[in-house]
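Here the structure is laid out as structure tokens; the discussion comes afterwards.
Residue numbers (the working numbering): 30 to 689.
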């Protein structure tokens with residue numbers, strides 16, 4: 030089954046390992062690969078020998094910064110296992126990997142319990158309707174509290190049902206062990222039946238009739254409940270010692286839903302990761318949902334006019350690769366030869382419900398080369414890295430000779446600096462990170478532009494702009510017919526609107542707005558194909574100015590645990606940062622506190638908190654949306670490039686760009 034094709038009737042699962050940082054995902058990956066016979070010895074994160082942490086920067090730092098895939102087989106089932114980073118700075122890798130999965134194992138530390146990133150991941154799994162299994166790790170650590178964490182799960186994720194598959198012995202001790210799942214045990218079956226009766230009419234009838242269904246029926250009912258996210262099985266163990274890992278692996282194979290392997294379905298796939306191979310060029314990691322891809326096939330990419338041909342297809346196993354020649358529906362492979370491919374691209378038909386958002390770059394920095402003559406090389410390096418991580422959102426301003434990128438945290442910045450040095454031989458410097466604000470229309474307004482001079486040109490655009498509730502993003506629609514403006518020109522208007530929403534009245538990206546094309550015209554003789562790219566930005570900025578703008582600042586949900594004696598100081602700090610907090614929970618000389626704090630005021634607070642608690646405190650954050658910010662407490666951003674509101678200068682610049 031490790032060859033090019035699965036055996037007939039074999040089951041295939043694409044599963045991810047997801048968690049908050051330091052929960053033990055990579056260590057667990059090593060154990061699962063070892064137990065399945067994929068590797069001879071489980072590697073170690075601390076020793077830098079982990080199969081899936083093969084980048085130099087990962088081995089040196091002991092953290093995962095990129096999602097890594099590997100393959101294991103157990104009986105008649107093959108599992109594509111994707112180990113994802115846990116650190117919030119690399120949550121973009123998690124976001125992109127989620128779209129490639131059939132199911133997931135969510136790891137929690139039995140000591141720390143539900144943390145900020147855990148909540149973010151669970152919400153994304155709900156959005157994608159992604160089935161999962163929970164593994165409570167580190168039961169051998171002092172402070173392990175499995176019952177406490179189970180209660181926390183039920184409290185934090187109301188409406189979800191968590192079912193313990195095992196019992197734990199010697200919890201918190203080095204020789205901690207697990208028992209079960211014991212499918213032959215009558216009390217286990219009875220407990221499971223009572224849980225399933227809430228979802229399965231057949232199980233409900235068995236309870237009412239005081240009957241015990243045959244074990245295969247009970248197991249099938251559990252599989253259906255897991256696939257429908259009605260129940261989430263919970264396993265226990267220690268990835269470090271290997272305890273409970275075999276039972277988890279068996280549970281993954283038996284309970285997670287298999288991939289659809291319909292090769293006759295229309296070609297459909299997702300590029301969930303792109304990396305660069307110094308010999309082969311771009312390597313596109315593709316999850317295929319329908320059809321198949323073979324060497325030399327032309328690959329249709331949504332939004333690209335001309336398909337490119339595949340030169341080679343491989344299967345990755347950490348750093349190693351195996352030529353396989355084709356990918357079939359349900360499987361994952363690495364495709365070479367697609368020079369224009371980017372992370373997030375869609376192959377063929379768009380898959381259903383594969384998009385979610387858990388990564389939000391809240392900081393921006395300017396990037397400088399150490400030597401001025403290396404600027405072109407640095408631009409090219411960052412373009413390549415942006416193809417791999419679109420959230421970097423590279424902005425290159427040739428006239429100002431400036432490079433800007435977006436990041437999620439300072440750890441990501443340090444890793445980027447190392448990657449640029451290792452891969453490209455360049456030394457890059459970065460400005461101090463600044464928070465990314467956004468803006469939204471204050472009220473409804475209409476923008477208009479009539480670009481009919483100097484001839485030959487003709488493009489008239491009228492846009493209605495309306496504010497939307499927080500978190501709505503941008504909605505766009507056209508209320509006019511082709512007779513008024515040809516549809517091909519309407520597509521130009523739509524494209525231009527989205528391009529130019531990146532800078533609003535205050536210079537920040539515009540969000541939470543509905544833009545409707547309500548009027549305008551073209552001319553059958555005088556309209557140049559690109560005239561609407563000249564007129565639309567002027568109409569859009571005209572409308573945004575008439576609407577007025579509200580500044581929005583990013584907020585962080587923060588979870589803190591620390592010795593009780595510093596609680597007063599922490600509460601004072603939160604108030605000083607314009608934050609809000611819930612009532613602290615105090616137990617065993619420690620407090621646990623949840624707060625909501627503006628990102629701009631708390632960039633450096635993790636350092637302060639670490640110092641305040643002498644390194645004993647736990648501090649984790651997740652993005653928690655945008656909220657209105659008084660202009661005097663926020664920051665405007667200088668406009669980059671020519672301002673469309675300087676109409677004469679804009680038209681001269683735009684026409685020159687068109688002819689040049």
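Ideal Cβ placement from N, Cα and C applies to all residues, glycine included.
Fill in: Per-residue DSSP class, three states only, for residue 550
Here DSSP, grouped into helix, strand and coil, assigns residue 550 to strand.
Worksheet item: Under a three-way DSSP split, which group does residue 370 fall into?
Response: Look at residue 370 here: in three-state DSSP terms it is coil, with no helix or strand label.
Fill in: Residue from 241, 667, 646, 176 with nearest C-alpha to residue 212
That would be 241, whose Cα lies nearest to the Cα of residue 212.
Practice prompt. Can you tell me which of the three DSSP states residue 560 falls into?
Written response: DSSP places residue 560 in helix when its eight states are reduced to three.
Discussion item. Under 8 angstroms: do the stretch 599-609 and the stretch 401-411 share three or more Cβ pairs, one atom per stretch?
Written reply: Contact between the stretch 599-609 and the stretch 401-411 is absent: fewer than three C-beta pairs spanning the two stretches fall below 8 angstroms.
Discussion item. For a test of the three-state rule: what should DSSP assign to residue 306, helix, strand or coil?
Written reply: The DSSP-derived three-state label of residue 306 is strand.
Worksheet entry | Cβ neighbours of residue 354 in the same chain (closer than 8 angstroms, five flanking residues each side left out) | The residues 33, 323, 324, 342, in chain order, have a CB closer than 8 angstroms to that of residue 354 in the same chain once the five nearest residues on each side in sequence are set aside.
Fill in: Same chain, Cβ closer than 6 angstroms to residue 552, five either side skipped, listed in chain order
Answer for residue 552: 487, listed in chain order.
Worksheet item: By the 10 Å Cβ neighbour count, where 16 or more other Cβ atoms means buried, how is residue 678 classified, buried or exposed?
Response: It counts as exposed.
Worksheet item: Of the residues 525, 364, 287, which one's Cα is nearest the Cα of residue 351?
Response: Relative to residue 351, the option among 525, 364, 287 whose CA is nearest is 364.
Practice prompt. Please determine if the stretch 113-131 and the stretch 604-621 are in contact, where contact requires at least 3 C-beta pairs separated by less than 8 angstroms.
Written response: Output reads no: the stretch 604-621 does not touch the stretch 113-131.
Item to complete: Would you list the residues sitting across from residue 589 in a DSSP beta bridge?
Response: Note: residue 589 sits in a beta bridge opposite 622, 648.
Worksheet item: How should residue 500 be labelled, buried or exposed, when 16 other C-beta atoms within 10 angstroms of its C-beta is the threshold for buried?
Response: Exposed, because fewer than 16 other Cβ atoms sit within 10 Å of the Cβ of residue 500.
Worksheet item: Leaving out the 5 sequence neighbours to the left and right, which residues in its chain are closer than 7 angstroms to residue 183 when beta-carbon positions are compared?
Response: Contacts found: 191.
Worksheet entry | Residue range of the alpha helix (DSSP H) that includes residue 439 | 439-453 is the extent of the alpha helix (DSSP H) around residue 439.
Practice prompt. Excluding the 5 residues preceding and the 5 following residue 256 in the sequence, name in chain order all residues of the same chain whose CB lies nearer than 7 angstroms to its CB.
Written response: Non-local beta-carbon contacts of residue 256 in its own chain, meaning distances under 7 angstroms to residues more than five positions away in sequence, involve 160, 286 in chain order.
Discussion item. Looking only at its chain, what residues have a beta carbon closer than 8 angstroms to the beta carbon of residue 42, apart from the 5 residues adjacent to it on each side?
Written reply: Answer for residue 42: 106, 107, 108, 109, 131, 132, 281, 282, 285, 286, 287, 288, listed in chain order.
Item to complete: Grab me the residues of residue 674's own chain with a C-beta within less than 8 angstroms of its C-beta, minus the 5 sequence neighbours each way, in chain order.
Response: For residue 674, where only same-chain residues beyond five positions count, the Cβ hits under 8 angstroms are 567, 570, 571, 574.
Practice prompt. Inspect the beta-carbon positions of residue 312 and residue 303 and report whether they are closer than 8 angstroms.
Written response: Cβ distance < 8 angstroms, so residue 312 and residue 303 count as in contact.
Worksheet item: Just the Cα atoms here: how many angstroms apart are residue 683 and residue 479?
Response: The alpha-carbon atoms of residue 683 and residue 479 are separated by roughly 15 angstroms.
Worksheet item: Would residue 396 pass as a contact of residue 432 if the rule is Cβ separation under 8 angstroms?
Response: Yes. Within cutoff.
Worksheet item: With a CB to CB cut of under 8 angstroms and the five nearest residues on each side skipped, what residues in its chain are close to residue 5?
Response: The structure shown has nothing for residue 5, since the chain only spans 30 to 689.
Practice prompt. Please state whether DSSP places residue 31 in a helix, a strand or coil.
Written response: Unreliable placement is indicated for residue 31, whose pLDDT of 42 sits below 50; the coordinate value is still reported in the next sentence. Look at residue 31 here: in three-state DSSP terms it is coil, with no helix or strand label.
Worksheet item: Would you say residue 434 and residue 394 are within 8 angstroms of each other, going by their C-beta atoms?
Response: Yes, Cβ-Cβ distance for residue 434 and residue 394 is below 8 angstroms.
Discussion item. Suppose contacts are defined by Cβ-Cβ distances below 8 angstroms. Is residue 121 in contact with residue 388 by that definition?
Written reply: For residue 121 and residue 388, yes; Cβs fall inside 8 angstroms.
Worksheet entry | For residue 165 and residue 3, the rounded distance between their alpha carbons | With the chain running from 30 to 689 in the structure shown, residue 3 is simply not present.
Fill in: Extent of the continuous alpha helix (DSSP H) run through residue 466
In the DSSP assignment, residue 466 falls outside any alpha helix (DSSP H) and carries neither an H nor an E.
Item to complete: Compare the Cα-Cα distances from residue 148 to each of 657, 668, 651, 663 and report the closest residue.
Response: Ranking the options by Cα distance to residue 148, first place goes to 651.
Discussion item. Please report the distance separating the alpha-carbon of residue 689 from that of residue 44.
Written reply: In this prediction, residue 689 scores a pLDDT of 38, lower than 50, which makes its location untrustworthy; the coordinate-derived value is nonetheless stated afterwards. Cα to Cα, residue 689 sits roughly 49 angstroms from residue 44.
Worksheet item: Going by alpha carbons, who is nearest to residue 429 out of 667, 237, 200?
Response: For residue 429, the closest C-alpha among the options 667, 237, 200 is that of 667.
Discussion item. Starting from residue 476, trace the beta strand (DSSP E) in both directions and tell me its first and last residue.
Written reply: From DSSP, the beta strand (DSSP E) with residue 476 extends over 474-480.
Discussion item. At the level of alpha carbons, what is the spacing between residue 244 and residue 224?
Written reply: Their Cα atoms are separated by approximately 15 angstroms.
Fill in: For residue 151, the first and last residue of its enclosing alpha helix (DSSP H)
Start and end: 145-157.
Worksheet item: CA-CA distance, residue 498 and residue 578?
Response: Going from the Cα of residue 498 to the Cα of residue 578 covers about 14 angstroms.
Discussion item. Given a cut-off of 8 angstroms on the beta-carbon distance, is the pair residue 583 and residue 628 in contact?
Written reply: A contact, by the Cβ cut-off of 8 angstroms.
Worksheet item: Taking the alpha helix (DSSP H) that residue 281 falls in, what are its first and last residues?
Response: That run of the alpha helix (DSSP H) goes 274-284.
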